[in-house]
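There are 2 protein chains.
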Amino acid sequence: MKNRLKVLRAERDLTQAQLSAALAVSRQTVNAIETGKFDPSLPLAFRISRLFELPIEEIFQDGDPL
Amino acid sequence: MKNRLKVLRAERDLTQAQLSAALAVSRQTVNAIETGKFDPSLPLAFRISRLFELPIEEIFQDGDPL
DNA sequence: TCTATATGTAAACTAAGCTTTACACTTTGA
DNA sequence: TCAAAGTGTAAAGCTTAGTTTACATATAGA
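Heads up: the sequence lines are chains A and B, in that order.
Following my numbering, the numbering of the first sequence begins with 8 at its first residue and continues without gaps.
Following my numbering, the numbering of the second sequence begins with 8 at its first residue and continues without gaps.
Structure, rendered in structure tokens:
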């Protein structure tokens with residue numbers, strides 16, 4: 008699953024540390040999501056969506072064939 | 008996190024077994040999500056969203072204060 | 001009545017999300 | 001030049017998502 012987190016964060020001029028604080032997760036979690044190590048949980052995806060004021064579908068793109 | 012899965016499934020007259028097959032998960036997973044035992048992963052939420060042709064936000068409602 | 005279908009739940013397990021601590025590397029600025 | 005800030009990554013551990021197997025219960029239909 009791809010995501011636009013890094014770009015959205017850059018647009019708002021936030022560091023990973025600032026974003027992680029705003030999302031109440033560790034910096035490593037933000038980094039791991041940005042670098043594609045894993046996908047956020049659904050609750051975290053909602054928090055990201057609210058923070059950036061964008062629907063989940065505009066932040067995360069599912070390349071799932073199913 | 009609340010969801011409208013049970014209602015959406017009923018509207019389409021699907022059994023938990025049929026829905027789980029369509030989503031490629033076990034019936035227990037569908038049941039657990041419907042009964043609020045846990046939230047789906049983001050990839051699974053996308054599959055549910057596509058199957059019901061509804062945005063994730065219209066299926067899952069986040070009651071997260073954060 | 002007896003059988004099949006649908007649902008709920010439980011235990012034991014694996015896999016994924018997320019944490020803390022820690023370290024390496026690069027870039028920026030005093 | 002050297003310290004601070006930003007980023008990437010790794011290990012170990014905990015929590016949550018999802019699995020298989022299995023059983024209990026309810027309802028519908030022949």
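The beta carbon of each residue, even a glycine, is placed where N, CA and C say it ideally should be.
At a C-beta separation below 8 Å, A/D20 has no neighbours in chain B, since its nearest C-beta there lies roughly 22 Å away.
The beta carbon of A/I66 lies closer than 8 Å to those of N10, R11, L12, L15, A52, I55, S56 and F59 in the same chain, with the five residues before and after it left out. A/L61 and A/Q25 have their C-alpha atoms roughly 19 Å apart. Apart from the 5 residues on each side of it in sequence, A/E41 sits with its Cβ closer than 7 Å to the Cβ of L12 and K13 in its chain, given in chain order. DSSP links B/F67 through a beta bridge to B/N10. Listed by position along chain A, the residues whose Cβ is nearer than 7 Å to that of B/P50 are M8, D46, D69 and D71. In the DSSP assignment, A/V37 falls within the unbroken alpha helix (DSSP H) covering R34 to E41. For B/R19, no alpha helix (DSSP H) run applies, since DSSP gives it neither H nor E. Our two residues, B/Q23 and B/N38, have alpha carbons roughly 7 Å apart in a direct line.
For A/I55, no CB of chain B lies under 8 Å from its own CB, so it is not counted at the interface with that chain. One alpha carbon belongs to B/M8, the other to B/A28, and they sit about 23 Å apart. The Cβ of A/I66 sits no closer than 8 Å to any Cβ of chain B. At a Cβ-Cβ threshold of 8 Å, B/P50 and A/D46 count as neighbours.
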